[in-house]
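Going by full-length UniProt numbering, the sequence shown opens with residue 1, and the numbers climb by one from there. Where is the CB? At the ideal position from N, CA and C, for every residue including glycine.
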Amino acid sequence: MSVIETSVNKALRSISHEVGLLGRISKMPMMNRDPRLMSYGIWPGNTKVMGAEEFGGRSSGCGSTWQEAFMGTIGETVERYACAFYDLRTAIKSPFRTLNKPAVAPSEYALFHPEQYAFLKGKTPIEPFTEDTDLYWFPMTDLATGEEKWAPGSLIYLPWSHEKPWINANTSTGLAAHTDPHKAILTGLYEVIERDSFVLTWSQKIVPPKIRISPDMRAFIDKSFPTSYEWHFFDIRYDLDVPSVLGICFGEAEFGKFVAVGTSTRATYGEAVQKVIKEIGQGVGYFRYLLNEKKDWVPSDNYNQLLSFEDHSIFYVKRPDMWFVFDEYRAALETKDIDLHEKHTRSDIDEVRHLVQTLKAAGCDVLFKDISTPDVRQLGFYSVKVLVPQLIPLAGGYPLYYHGGKRLYEVPAKMGYTSHDYAGLNKYPHPFP
Numbered sequence: 001m002s003v004i005e006t007s008v009n010k011a012l013r014s015i016s017h018e019v020g021l022l023g024r025i026s027k028m029p030m031m032n033r034d035p036r037l038m039s040y041g042i043w044p045g046n047t048k049v050m051g052a053e054e055f056g057g058r059s060s061g062c063g064s065t066w067q068e069a070f071m072g073t074i075g076e077t078v079e080r081y082a083c084a085f086y087d088l089r090t091a092i093k094s095p096f097r098t099l100n101k102p103a104v105a106p107s108e109y110a111l112f113h114p115e116q117y118a119f120l121k122g123k124t125p126i127e128p129f130t131e132d133t134d135l136y137w138f139p140m141t142d143l144a145t146g147e148e149k150w151a152p153g154s155l156i157y158l159p160w161s162h163e164k165p166w167i168n169a170n171t172s173t174g175l176a177a178h179t180d181p182h183k184a185i186l187t188g189l190y191e192v193i194e195r196d197s198f199v200l201t202w203s204q205k206i207v208p209p210k211i212r213i214s215p216d217m218r219a220f221i222d223k224s225f226p227t228s229y230e231w232h233f234f235d236i237r238y239d240l241d242v243p244s245v246l247g248i249c250f251g252e253a254e255f256g257k258f259v260a261v262g263t264s265t266r267a268t269y270g271e272a273v274q275k276v277i278k279e280i281g282q283g284v285g286y287f288r289y290l291l292n293e294k295k296d297w298v299p300s301d302n303y304n305q306l307l308s309f310e311d312h313s314i315f316y317v318k319r320p321d322m323w324f325v326f327d328e329y330r331a332a333l334e335t336k337d338i339d340l341h342e343k344h345t346r347s348d349i350d351e352v353r354h355l356v357q358t359l360k361a362a363g364c365d366v367l368f369k370d371i372s373t374p375d376v377r378q379l380g381f382y383s384v385k386v387l388v389p390q391l392i393p394l395a396g397g398y399p400l401y402y403h404g405g406k407r408l409y410e411v412p413a414k415m416g417y418t419s420h421d422y423a424g425l426n427k428y429p430h431p432f433p
């Protein structure tokens, strides 16, 4: 029996109406003009009956084969399942000032701008994270030194409801799961870099170098997508010097015209582009589902009403009058060549070391925690949280965009771009699903 067959057989044990990580899994319908990729979606299990927080978010997966799509779906489910469990007996409730444990200072976390705190006051329990904020801390591991370092529970687990005031709105950035522990850590590291790069690009209105669509890339796209789709790819690698790509795709399905985006950070640009293309392919079926779920929703110009990634996903699908926000990206000239089939040269462990060294050189702390539950391990998975406090997470609520971090204002200027102050940041909602 192959490794993939063994993994699939183990993963099937996660499905149960009574005690499963997920209640059921369903193959998403595919229309004639859809990308030729398989997708699955899930109905999550009830984590609250097991003493955990309620399973947060949706889980889905996509791939060129059913096995790839299925395992991707289970992996994302495991990722969202495990982070709902935590043991307060392993935590310390204390302000940073009197914690007496090694920890990253509150001022280092990329959270909110003072003007955001003023807007949120009275509307949410969110308050500035200071050295006197009393909250729960959990031990993590500093991947650069192997030493213990403590971090707030609300920045590790999702959802988190054990304290007020809040210091943030929960984010899934840095959560990852895989059957290989090193790949799980690597995926988490890639994601925190990817999200930071995207937020820098969108919030600071950067139009980065545009990647030329080579014959190899065109052939790769045409294998799975209608030829009528319009594609744009951008190099969003900034000071961290790790291959990162943003993709924007314009297309049309039976529900109408759409714009889809995807981002990826990987060891090579070719791998990043391929991941972006797959992510965008998953979007068409997701749009169809959300448009049915929110068929009566008409998004207004009050962007503060956008409170979820679901809202952001279909905002521009429902508001084609707003597509002018993409004009500069569409008009940009292709200037960068990449090798779609470039092979990475480092092992997973060496790639983890490389990323940690890169982040440390940029002045970042790199924290890790294995949050695998016993049932997750029995299924053959590892679930982890990677936390890099200085990097900018991605938020699904418009009023909760993370616009307080130093990098948001320092990196663009460092890389030769215009650096806008808070008032000059992009006022339009991001299109990230």
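Specify the secondary structure class of Lys-414 as computed by DSSP and reduced to three states. The DSSP-derived three-state label of Lys-414 is helix.
His-232 - DSSP class collapsed to helix/strand/coil: Note: His-232 maps to strand in three-state DSSP.
Any idea if Asp-311 is buried or exposed, counting beta-carbon neighbours within 10 angstroms, 16 or more meaning buried? Classification for Asp-311: buried.
So what's Phe-309 in DSSP terms, helix, strand or just coil? Helix, per DSSP.
With 16 other CB atoms within 10 Å as the buried threshold, where does Arg-89 fall? Exposed.
Which value, in whole angstroms, describes the spacing of the CA atoms of His-420 and Leu-12? For His-420 and Leu-12, the distance between alpha carbons rounds to 49 Å.
Could you say if the segment 376-392 and the segment 228-236 meet the contact criterion of at least three C-beta pairs nearer than 8 Å? When Cβ pairs closer than 8 Å are counted between the two stretches, the segment 376-392 is seen not to touch the segment 228-236, the count staying below three.
Arg-24 - partner residues in DSSP beta bridges: According to DSSP, Arg-24 bridges with Trp-43.
Where Trp-150 falls: helix, strand or coil (DSSP): Note: Trp-150 maps to strand in three-state DSSP.
Give the single residue among Leu-379, Val-284 and Pro-243 whose Cα lies nearest to the Cα of Leu-31. Strictly speaking, residue 31 in this sequence is Met, with Leu absent from that position. The closest CA to that of Met-31, considering only Leu-379, Val-284 and Pro-243, is found on Val-284.
Any contact of the segment 255-263 with the segment 352-360, i.e. 3+ C-beta pairs under 8 Å? At 8 Å Cβ cutoff, the stretches do not touch.
Limits of the unbroken alpha helix (DSSP H) element including Ile-92: First-last for Ile-92: 92-94, but that is the beta strand (DSSP E), not the alpha helix (DSSP H).
Within a Cβ cutoff of 6 Å, which residues of the same chain sit near His-341, ignoring the five residues on either side of it in sequence? Residues Gly-270 of the same chain have their beta carbon placed closer than 6 Å to that of His-341, with the five preceding and five following residues left out of the count.
Between the Cα of Ile-371 and those of Ala-82, Arg-36 and Ser-107, spot the shortest distance and give me the residue it belongs to. Taking only the C-alpha atoms, the option nearest Ile-371 is Ala-82.
Bridge partner(s) assigned by DSSP for Ser-264: When DSSP reads this structure, Ser-264 sits in a beta bridge with Val-245.
Are Leu-246 and Thr-263 closer than 8 Å when you measure CB to CB? Between Leu-246 and Thr-263, the gap from beta carbon to beta carbon is short of 8 Å.
CB contact flag (Gly-63, Gly-57, <8 Å): In this structure, Gly-57 does not lie closer than 8 Å to Gly-63 by Cβ.
Enclosing beta strand (DSSP E) for Pro-139 [first to last residue]: That run of the beta strand (DSSP E) goes 135-142.
Sort out for me which residues DSSP pairs Phe-250 with in a bridge. Listed as beta-bridge partners of Phe-250 by DSSP are Glu-230 and Val-259.
N- and C-terminal bounds of the beta strand (DSSP E) containing Val-384: Taken as a continuous stretch (DSSP letters only), the beta strand (DSSP E) holding Val-384 covers 382-387.
Given a threshold of 16 other Cβ atoms within 10 Å of its Cβ, counted over all protein chains shown, does Ser-308 qualify as buried or as exposed? So Ser-308 counts as exposed.
For Phe-368, three-class secondary structure by DSSP: Here Phe-368 sits in strand by DSSP.
So, helix, strand or coil for Ala-69, using DSSP? Residue state, collapsed to three classes: helix.
Return helix, strand or coil for Leu-355, following the three-state DSSP convention. It is helical.
In three-state terms, what does DSSP make of Ala-395? Coil at Ala-395, not helix or strand.
Test item: CB-CB of Asp-34 and Lys-183 under 8 Å: For Asp-34 and Lys-183, no; Cβs fall outside 8 Å.
Alpha carbon to alpha carbon, how far is Tyr-303 from Glu-115? Give it in angstroms, no decimals. Their Cα atoms are separated by approximately 16 Å.
Going by C-alpha distance, which of Tyr-402, Thr-373 and Leu-290 is nearest Gly-41? Ranking the options by Cα distance to Gly-41, first place goes to Leu-290.
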